[in-house]
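Peer 1:
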Amino acid sequence: MAVDGKAGARAPVGAPAVRWIEVAPEEAGQRLDNYLLARLKGVPKSHIYRVIRGGEVRVNSKRIDASYRVEGGDRIRIPPIRVAEREDVTPAPHFKMPIVFEDDALLAIDKPAGLAVHGGSGVAHGVIESMRSMRPEAKYLELVHRLDRETSGVLLIAKKRSALTALHEMLRGRDMDKRYLAGVAGRFRNELQRVKLALAERRGPEGEKRVVVSDDGQASETVFRLVGRTDEYSLLEAELLTGRTHQIRVHAASMKHPILGDDRYGNFELNKALRKNGLKRMFLHAAKLSFTHPLTGEALSIEAPLPRELDAFWKKCTS
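All letters in the sequence shown, in the order written, are residues 0 to 318 by numbering that gives the first Met the number 0.
1. In three-state DSSP terms, what is residue 259?
2. Quick check on residue 158 - is its C-beta less than 8 Å from some C-beta in chain D?
3. Would you identify the three-state DSSP class for residue 200, choosing helix, strand or coil?
4. Should residue 221 be labelled buried (16 or more other beta-carbon atoms within 10 Å of its own) or exposed?
5. With burial defined as no fewer than 16 other Cβ atoms inside 10 Å of the residue's Cβ, what is the status of residue 129: buried or exposed?
6. DSSP on residue 102, reduced to helix/strand/coil?
7. Within the continuous alpha helix (DSSP H) that includes residue 308, where are the two ends?
8. Quick check on residue 164: does DSSP put it in helix, strand or coil?
9. Note down the Cα distance separating residue 93 from residue 156, rounded to an integer number of angstroms.
10. Report yes if the C-beta of residue 225 is less than 7 Å from at least one heavy atom of the ligand SAH; otherwise report no.
11. Taking the C-alpha atoms as reference points, what is the distance between residue 311 and residue 234?
12. Taking the CB atoms as reference points, tell me whether residue 286 and residue 302 lie closer together than 8 Å.
13. Just to confirm before moving on: does the CB-CB distance between residue 34 and residue 56 stay below 8 Å?
14. Among 184, 270, 18, 51, whose alpha-carbon lies nearest the alpha-carbon of residue 230?
15. Does residue 29 come out as helix, strand or coil in the three-state DSSP assignment?
16. When DSSP labels each residue in this structure, what does residue 225 get in the three-state scheme?
17. Among 218, 43, 47, 28, which has the Cα closest to the Cα of residue 73?
18. So for residue 9, helix, strand or coil by DSSP?
19. Write down the C-beta distance between residue 148 and residue 236 rounded to the nearest angstrom, noting that I regard them as a contact closer than 8 Å.
20. DSSP puts residue 209 in a beta bridge; with which residues?
21. Smallest Cα separation from residue 50: which of 21, 17, 210?
22. Find the nearest neighbour of residue 19 within the set 37, 75, 26, 191, judged by alpha-carbon distance.
23. Any contact of the region 191-202 with the region 243-251, i.e. 3+ C-beta pairs under 8 Å?
24. Determine, using beta-carbon pairs with one atom in the region 90-109 and one in the region 266-274, whether at least three such pairs fall under 8 Å.
25. Nearest to residue 30 by alpha carbon, out of 58, 265, 144?
26. Taking C-alpha atoms, which residue in 219, 186, 217 lies nearest to residue 258?
27. Which residue or residues does DSSP assign as beta-bridge partners of residue 77?
28. Since residue 182 and residue 313 should fall inside the 8 Å C-beta cutoff, what is the C-beta to C-beta distance between them, to a whole number of angstroms?
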């Protein structure tokens, strides 16, 4: 029975008790601090580190460091901690997200525009919080990569730690083929154009994140291919060879062909006119991901069709 620290004293009724958690095989490889942070929602990070340092967290009955990487079958002692007591803590909503692929290791959704991939920066909940809420029985769900909030399309979620690790290695080694569809301003002249411009993150006057072309930035490369064009607009396929923040948006703007509806790097006067003409979002869609399945070795190609509002706008432009 749980005690409150005095020999033989009973814990107050309703007080949190010691818990034991067993690490599942698919959760192996995570640092202990990250493992606990994911499971103790609402508990301040400083408190989690404090109980680890104080020896109140035990792994297989032994004191352990925060950097320890958990293994399948490890038994972790969680001391009495009140989780998510604040009145404003609410469950993540169940967002409507079409599933375009799923097996034991992976889950791919067609993310709607306007939905953040995770909570933070003024957003209470995103895709990953919603998926965990809708699947409480799932022991492991982690984002493989990210999409901008206003970008729609294929988003990968790992259901096993081993799958996540392998996919991250593919991303680092450029072994994942990522194709986007982008509607841009102006008549794109070339059938194919490769953009190699280093990108750096900066903060705007109000603290907002902006990405700029800069020699001191990270090497970035995008290949643009012409899909269709009118006198005013062009539809491009963008192949990401690197995965920098806002890469396609900044590279497109650098060519004087900003993405339609982009409220950060686009043509603001044009965007106003586009809204009146029916385009009320950014015209950027993650259309296709191709890679080798991290566990089976099978060649996979996962696609999400152009959303109806973008398809309708483009057909209107070309009719």
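Don't be surprised by glycine CBs; every beta carbon is placed ideally from N, CA and C.
These figures come from a predicted structure and were not determined experimentally.
Peer 2: Inspection of the coordinates gives the following:
1. coil
2. In the displayed structure, chain D is absent; only one protein chain is listed.
3. strand
4. buried
5. buried
6. coil
7. 307-317
8. helix
9. 16 Å
10. The model on display carries no ligand, and the ligand SAH is accordingly not part of it.
11. 13 Å
12. yes
13. no
14. 184
15. coil
16. strand
17. 28
18. Summary for residue 9: the model assigns pLDDT 49, below 50, so the residue's position carries little reliability, and this model does not support an answer.
19. No, residue 148 and residue 236 are not in contact; Cβ-Cβ is about 22 Å, not under 8 Å.
20. 201
21. 17
22. 75
23. yes
24. no
25. 58
26. 186
27. 18
28. 7 Å
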